[in-house]
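**Student:** First to last, the protein sequences are chains A and B. With the UniProt record's numbering, letter number 284 in the first sequence gets 284, and the count goes up by one each step, no holes. With the UniProt record's numbering, letter number 51 in the second sequence gets 51, and the count goes up by one each step, no holes. The structure is given below, and queries will be raised subsequently.
2 protein chains.
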Amino acid sequence: MCGMTAKSQARWTEDALTALRVGRGFRLENLDPASTPGYGGGKKDGEKDLAAGLDQLAEYQERLYAASRGGTARDSVLLVLQAMDSAGKGGIVRHVVGGVDPQGIQLAAFKAPTEDELAHDFLWRIEKRVPGPGLIGVFDRSHYEDVLIGRVRGLAEPEEIERRYGAIVDFERRLTESGTRIIKVMLHISPQEQGKRLLDRLERPDKHWKYNPGDVDERSQWPAYMAAYETVLRRTSTDDAPWFVVPADRKWYARLAVQELLLETLEQIDPQWPVASFDVDAEKARLTATL
Amino acid sequence: MCGMTAKSQARWTEDALTALRVGRGFRLENLDPASTPGYGGGKKDGEKDLAAGLDQLAEYQERLYAASRGGTARDSVLLVLQAMDSAGKGGIVRHVVGGVDPQGIQLAAFKAPTEDELAHDFLWRIEKRVPGPGLIGVFDRSHYEDVLIGRVRGLAEPEEIERRYGAIVDFERRLTESGTRIIKVMLHISPQEQGKRLLDRLERPDKHWKYNPGDVDERSQWPAYMAAYETVLRRTSTDDAPWFVVPADRKWYARLAVQELLLETLEQIDPQWPVASFDVDAEKARLTATL
Numbered sequence: 001m002c003g004m005t006a007k008s009q010a011r012w013t014e015d016a017l018t019a020l021r022v023g024r025g026f027r028l029e030n031l032d033p034a035s036t037p038g039y040g041g042g043k044k045d046g047e048k049d050l051a052a053g054l055d056q057l058a059e060y061q062e063r064l065y066a067a068s069r070g071g072t073a074r075d076s077v078l079l080v081l082q083a084m085d086s087a088g089k090g091g092i093v094r095h096v097v098g099g100v101d102p103q104g105i106q107l108a109a110f111k112a113p114t115e116d117e118l119a120h121d122f123l124w125r126i127e128k129r130v131p132g133p134g135l136i137g138v139f140d141r142s143h144y145e146d147v148l149i150g151r152v153r154g155l156a157e158p159e160e161i162e163r164r165y166g167a168i169v170d171f172e173r174r175l176t177e178s179g180t181r182i183i184k185v186m187l188h189i190s191p192q193e194q195g196k197r198l199l200d201r202l203e204r205p206d207k208h209w210k211y212n213p214g215d216v217d218e219r220s221q222w223p224a225y226m227a228a229y230e231t232v233l234r235r236t237s238t239d240d241a242p243w244f245v246v247p248a249d250r251k252w253y254a255r256l257a258v259q260e261l262l263l264e265t266l267e268q269i270d271p272q273w274p275v276a277s278f279d280v281d282a283e284k285a286r287l288t289a290t291l
Numbered sequence: 001m002c003g004m005t006a007k008s009q010a011r012w013t014e015d016a017l018t019a020l021r022v023g024r025g026f027r028l029e030n031l032d033p034a035s036t037p038g039y040g041g042g043k044k045d046g047e048k049d050l051a052a053g054l055d056q057l058a059e060y061q062e063r064l065y066a067a068s069r070g071g072t073a074r075d076s077v078l079l080v081l082q083a084m085d086s087a088g089k090g091g092i093v094r095h096v097v098g099g100v101d102p103q104g105i106q107l108a109a110f111k112a113p114t115e116d117e118l119a120h121d122f123l124w125r126i127e128k129r130v131p132g133p134g135l136i137g138v139f140d141r142s143h144y145e146d147v148l149i150g151r152v153r154g155l156a157e158p159e160e161i162e163r164r165y166g167a168i169v170d171f172e173r174r175l176t177e178s179g180t181r182i183i184k185v186m187l188h189i190s191p192q193e194q195g196k197r198l199l200d201r202l203e204r205p206d207k208h209w210k211y212n213p214g215d216v217d218e219r220s221q222w223p224a225y226m227a228a229y230e231t232v233l234r235r236t237s238t239d240d241a242p243w244f245v246v247p248a249d250r251k252w253y254a255r256l257a258v259q260e261l262l263l264e265t266l267e268q269i270d271p272q273w274p275v276a277s278f279d280v281d282a283e284k285a286r287l288t289a290t291l
């Protein structure tokens with residue numbers, strides 16, 4: 001890539017793909033939501049690196065898209081975002097994904113399922129939103145809701161929840177085999193920080209629309225949610241589709257880290273401009289004749 | 001809107017909604033594709049104003065979205081982009097639409113219709129991509145292809161083409177009545193400028209994927225396309241859904257002008273932050289008890 005160094009952000013002391021990956025024996029309680037693993041800089045550095053990374057990401061995205069159009073490349077990327085309310089999913093979409101050409105992004109926000117969706121298997125609505133070749137798909141919430149809120153609120157029988165972990169692993173393996181790199185991110189916020197952010201929404205009339213009284217009820221289920229997340233991380237973090245837990249009390253870090261996960265993944269794919277399928281000189285001659 | 005003046009870009013000497021609107025007796029040949037109607041500045045001013053406008057557009061979009069979530073507002077915006085190849089639709093999507101939160105954008109790129117789509121009325125696939133309340137929809141090509149390339153290449157009988165003008169006017173009136181502001185933009189490029197841009201694609205290996213030998217064949221049909229556009233402008237520019245012809249030989253102007261059309265339309269809608277549907281003080285108390 002023109003003028004792009006292999007390791008773009010020198011302030012990363014370790015690959016984000018390594019530093020944030022969920023390994024064996026991982027426990028949420030051992031990861032400080034205010035920490036900045038793998039990154040040696042502070043907030044100002046982080047904001048500068050985020051801005052620099054936007055251009056890199058935009059160029060990688062264009063190459064990924066071009067490679068799928070012109071040639072035989074079938075690669076795509078799928079970023080899955082899961083988090084407790086107010087952890088910053090929206091900010092990631094706005095400030096990380098938003099820097100990329102909208103034509104290359106396929107964004108899917110999953111709300112509570114409709115009656116029609118509930119009548120099908122839980123992966124039915126997910127399959128329809130999987131990114132095609134050349135695209136960066138972003139799931140704002142996902143099939144993981146069906147084993148998170150699904151478990152905490154008892155929306156399905158325990159045996160059904162149990163079945164779903166295996167179904168998810170199979171599903172994601174199939175996506176991977178057809179060329180999709182899956183990056184699963186849990187934004188890890190502390191309940192204290194969430195409380196502050198929800199209170200801020202209540203203080204500002206231009207934020208009231210983002211507040212839902214149900215958010216306070218969900219807060220009371222915090223330990224149950226953390227237990228559900230830990231089961232998810234243990235049962236579904238695979239080599240095909242690993243989980244990354246991103247500390248999210250510092251918004252600048254969470255955004256930078258997700259951007260870095262995307263950049264490193266695209267660096268691995270290393271998409272190439274496709275070679276012309278037509279005779280370039282002949283086309284130049286035909287075109288010049290019309291000028 | 002906090003800190004936003006009514007007329008954001010002082011260098012606009014006239015509203016873009018007025019300066020670019022197709023009126024009676026409009027002829028494409030009378031509009032210079034290199035002109036900059038309504039705007040008093042040059043390229044550097046234009047780039048500065050485009051950057052300033054991004055923040056305004058982002059705030060308007062958030063208000064539009066919020067208003068539809070919290071209250072009874074049903075407003076949406078639909079930007080329809082039509083143009084000859086290489087006129088800059090992609091750049092508009094990247095540099096104008098791309099500055100807005102992806103969560104508030106619904107982008108639909110219409111390619112040649114599939115067999116399934118051809119088996120239905122031409123508006124069938126269009127209806128499915130109409131933006132819902134609070135969203136800014138963007139059509140990269142649209143139902144107008146069915147009376148443009150459809151007419152030039154004779155893809156449908158003349159009587160069917162004739163029928164479609166009326167069907168389009170009815171369809172767009174219905175959208176408008178349900179709360180959608182439709183902004184229809186034809187990017188107006190000269191054949192000379194198109195030739196230069198296509199040649200540039202051939203000169204640069206990283207642009208080859210954007211080149212299609214069919215583009216040269218289409219160029220030979222230029223007068224037929226202009227005639228088809230003029231019929232479209234005459235038959236379908238209504239008070240509900242007017243057409244705007246944007247000179248597009250200068251990319252900076254075309255982007256700025258489309259941004260300004262969006263800004264002025266959103267200014268007319270003037271979306272408001274919704275009023276909380278819950279008791280703010282009671283929620284503060286409930287939340288504070290959990291901190």
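We treat Cβ as the ideally placed atom computed from N, Cα and C, and that holds for glycine.
Could you tell me the alpha carbon to alpha carbon distance between Arg201/B and Gly41/A, rounded to whole angstroms?
**Tutor:** Walking along the second sequence from the start, residue 201/B turns up at place 201. Walking along the first sequence from the start, residue 41/A turns up at place 41. Straight-line Cα distance between these residues: approximately 40 Å.
**Student:** In three-state terms, what does DSSP make of Asp140/B?
**Tutor:** The residue labelled residue 140/B in the question sits at position 140 within the second sequence. Correct three-state label for Asp140/B: strand.
**Student:** Can a CB atom of chain A be found closer than 8 Å to the CB of Thr290/B?
**Tutor:** The residue labelled residue 290/B in the question sits at position 290 within the second sequence. Yes, its Cβ sits closer than 8 Å to a Cβ of chain A.
**Student:** Please classify Thr288/B: is it buried, with 16 or more other beta-carbons within 10 angstroms of its beta-carbon, or exposed?
**Tutor:** Indexing the second sequence from 1 puts residue 288/B at position 288. Its Cβ having fewer than 16 others within 10 Å, Thr288/B is exposed.
**Student:** Just how far apart, CA to CA, sit Leu31/A and Leu135/B?
**Tutor:** Translated into the one-based positions of the first sequence, residue 31/A becomes position 31. Translated into the one-based positions of the second sequence, residue 135/B becomes position 135. Cα to Cα, the separation comes out at about 38 Å.
**Student:** Counting only C-beta atoms, is Ala112/B closer than 8 Å to chain A at any point?
**Tutor:** On the second sequence, residue 112/B is found 112 positions in, with the first residue counted as 1. No - not a single Cβ of chain A is within 8 Å of the one on Ala112/B.
**Student:** Quick one: is the Cβ of Ala87/B within less than 7 Å of any heavy atom of the ligand COA?
**Tutor:** Although the ligand COA was asked about, the structure shown includes no ligands whatsoever.
**Student:** Can the beta-carbon of Glu172/B be found closer than 8 Å to that of Ile182/B?
**Tutor:** Position 172 of the second sequence, counted from the start, is the residue given in the question as residue 172/B. Position 182 of the second sequence, counted from the start, is the residue given in the question as residue 182/B. Yes, the Cβ-Cβ distance between Glu172/B and Ile182/B is below 8 Å.
**Student:** Check Thr278/A in the structure and name its three-state DSSP category.
**Tutor:** Along the first sequence, one-based indexing puts residue 278/A at 278. Per the sequence shown, residue 278/A should be read as Phe rather than Thr. Coil, per DSSP.
**Student:** Note down, in chain order, all residues in the stretch 225-259 of chain B with a beta-carbon under 7 Å from any beta-carbon belonging to chain A.
**Tutor:** Within the stretch 225-259 of chain B, no residue qualifies.
**Student:** Can you confirm whether the stretch 221-236 of chain B touches the stretch 136-155 of chain B when touching is taken to mean that 3 or more C-beta pairs between the two stretches lie within less than 8 Å?
**Tutor:** Short answer: they touch.
**Student:** Let me know if Gln268/B comes out buried or exposed under the rule of 16 or more other beta-carbons within 10 Å of its beta-carbon.
**Tutor:** Within the second sequence, numbered from 1, the residue matching residue 268/B stands at position 268. Gln268/B should be labelled exposed.
**Student:** Just to confirm, are Gln221/A and Gly53/A a CB contact at a threshold of 8 Å?
**Tutor:** For this step, residue 221/A is matched to residue 221 along the first sequence. For this step, residue 53/A is matched to residue 53 along the first sequence. Their beta carbons are not under 8 Å apart, which means Gln221/A does not touch Gly53/A by this criterion.
**Student:** How would you call Met4/B, buried or exposed, if buried means at least 16 neighbouring beta carbons within 10 angstroms?
**Tutor:** Looking up residue 4/B in the second sequence gives position 4. Low per-residue confidence applies at Met4/B: pLDDT is 45, beneath 50, and the placement is therefore not dependable, though the value from the model is reported in the following sentence. It counts as exposed.
**Student:** Return the residue from the list Ile126/B, Val152/B, Glu59/B, His120/B that minimises the CA-CA distance to Asp140/B.
**Tutor:** On the second sequence, residue 140/B is found 140 positions in, with the first residue counted as 1. When each option's Cα is compared against that of Asp140/B, the closest is Ile126/B.
**Student:** Output the residue ranges of the beta strand (DSSP E) runs that lie fully inside the stretch 70-96 of chain A and measure 3 residues or longer, sorted by chain position.
**Tutor:** Those beta strand (DSSP E) runs which fall completely within the stretch 70-96 of chain A and span 3+ residues are 76-83.
**Student:** Since Tyr65/B and Leu266/B are thought to touch, with beta carbons under 8 Å apart, how far apart are those beta carbons, to the nearest angstrom?
**Tutor:** Here residue 65/B refers to the residue found at position 65 of the second sequence. Here residue 266/B refers to the residue found at position 266 of the second sequence. That pair is no contact at about 11 Å.
**Student:** Among Leu50/A, Met226/A, Thr180/A, Thr36/A, which one has its Cα closest to the Cα of Val152/A?
**Tutor:** Translated into positions along the first sequence, residue 152/A becomes position 152. Nearest option by C-alpha distance: Met226/A.
**Student:** Just to confirm, is the Cβ distance from Pro247/B to His188/B under 8 Å?
**Tutor:** If you number the second sequence from 1, residue 247/B lands on position 247. If you number the second sequence from 1, residue 188/B lands on position 188. Result yes, Cβ atoms of Pro247/B and His188/B sit closer than 8 Å.
**Student:** Among Trp252/B, Leu81/B, Val216/B, Leu28/B, which residue has its Cα nearest to the Cα of Lys284/A?
**Tutor:** Translated into positions along the first sequence, residue 284/A becomes position 284. Measuring from the Cα of Lys284/A, the nearest candidate turns out to be Val216/B.
**Student:** Residues in its own chain within less than 8 Å of Pro133/A by CB, not counting five upstream and five downstream?
**Tutor:** As a position in the first sequence, residue 133/A is number 133, starting the count at 1. The answer, listed in chain order, is Ser68, Ala73, Arg74, Asp75, Ser76, Gly179.
**Student:** For Ala276/A, decide whether its Cβ has a neighbour in chain B, counting only Cβ atoms nearer than 8 Å.
**Tutor:** For the purposes of this step, residue 276/A is taken as residue 276 along the first sequence, with counting starting at 1. True, the Cβ-Cβ gap to chain B drops below 8 Å.
**Student:** Would DSSP call Ala66/A helix, strand or coil?
**Tutor:** Here residue 66/A corresponds to residue number 66 of the first sequence, with the count starting at 1. Here Ala66/A sits in helix by DSSP.
**Student:** What's the C-alpha gap between Leu57/A and Leu256/B?
**Tutor:** By one-based count along the first sequence, residue 57/A stands at place 57. By one-based count along the second sequence, residue 256/B stands at place 256. Their backbone Cα atoms lie some 24 Å apart in a straight line.
**Student:** DSSP state of Gln103/B, grouped into three classes?
**Tutor:** Here the question's residue 103/B lines up with position 103 in the second sequence. Helix.
**Student:** Specify, as a first and last residue, the run of the alpha helix (DSSP H) that Val232/B falls within.
**Tutor:** Along the second sequence, read from residue 1 onward, the residue named residue 232/B stands at position 232. Element bounds for Val232/B: 222-236.
**Student:** Return the first residue and the last residue of the beta strand (DSSP E) that Thr180/A is part of.
**Tutor:** As a first step, residue 180/A must be located in the first sequence, where it is residue number 180. Element bounds for Thr180/A: 180-188.
**Student:** Determine the burial state of Lys7/B: buried for a count of at least 16 other Cβ atoms within 10 Å of its Cβ, exposed for fewer.
**Tutor:** Mapped onto the second sequence, residue 7/B falls at position 7. Model confidence at Lys7/B stands at a pLDDT of 48, short of 50, so the residue's coordinates are unreliable; what they give is reported in the following sentence. With fewer than 16 Cβ atoms within 10 Å of its Cβ, Lys7/B is classed as exposed.
**Student:** Is there a C-beta anywhere in chain B that falls below 8 Å from the one on Gln103/A?
**Tutor:** Mapped onto the first sequence, residue 103/A falls at position 103. With 8 Å as the cut-off, Gln103/A counts as an interface residue toward chain B.
**Student:** With a cut-off of 8 Å, does the C-beta of Trp124/A fall near any C-beta of chain B?
**Tutor:** Against the first sequence, residue 124/A aligns to sequence position 124. It does not; no Cβ of chain B falls within 8 Å.
**Student:** Around the C-beta of His143/B, are 16 or more other C-beta atoms found within 10 angstroms, so that it is buried, or is it exposed?
**Tutor:** Here residue 143/B corresponds to residue number 143 of the second sequence, with the count starting at 1. Label assigned to His143/B: buried.
**Student:** Please go through the stretch 116-162 of chain B and give each complete beta strand (DSSP E) segment of 3 or more residues, from N-terminal end onward.
**Tutor:** As far as the stretch 116-162 of chain B is concerned, its whole beta strand (DSSP E) runs of at least 3 residues are 136-140.
**Student:** The beta strand (DSSP E) that contains Val216/B, what's its start and end?
**Tutor:** Numbered from its first residue, the second sequence carries residue 216/B at position 216. Not the beta strand (DSSP E): Val216/B falls in the alpha helix (DSSP H), residues 214-219.
**Student:** Take the Cβ of Glu62/B as the centre, count every other Cβ of all protein chains shown within 10 Å, and call the residue buried at 16 or more, exposed below.
**Tutor:** Looking up residue 62/B in the second sequence gives position 62. Under this definition Glu62/B is a buried residue.
**Student:** Checking contacts by CB at 8 Å: is His208/A closer than that to chain B?
**Tutor:** Against the first sequence, residue 208/A aligns to sequence position 208. Yes, contact with chain B.
**Student:** Is there a Cβ from chain A that is less than 8 Å from the Cβ of Val152/B?
**Tutor:** Counting from one through the second sequence, the residue named residue 152/B turns up at place 152. Not closer than 8 Å to any Cβ of chain A, the Cβ of Val152/B fails to qualify, so no.
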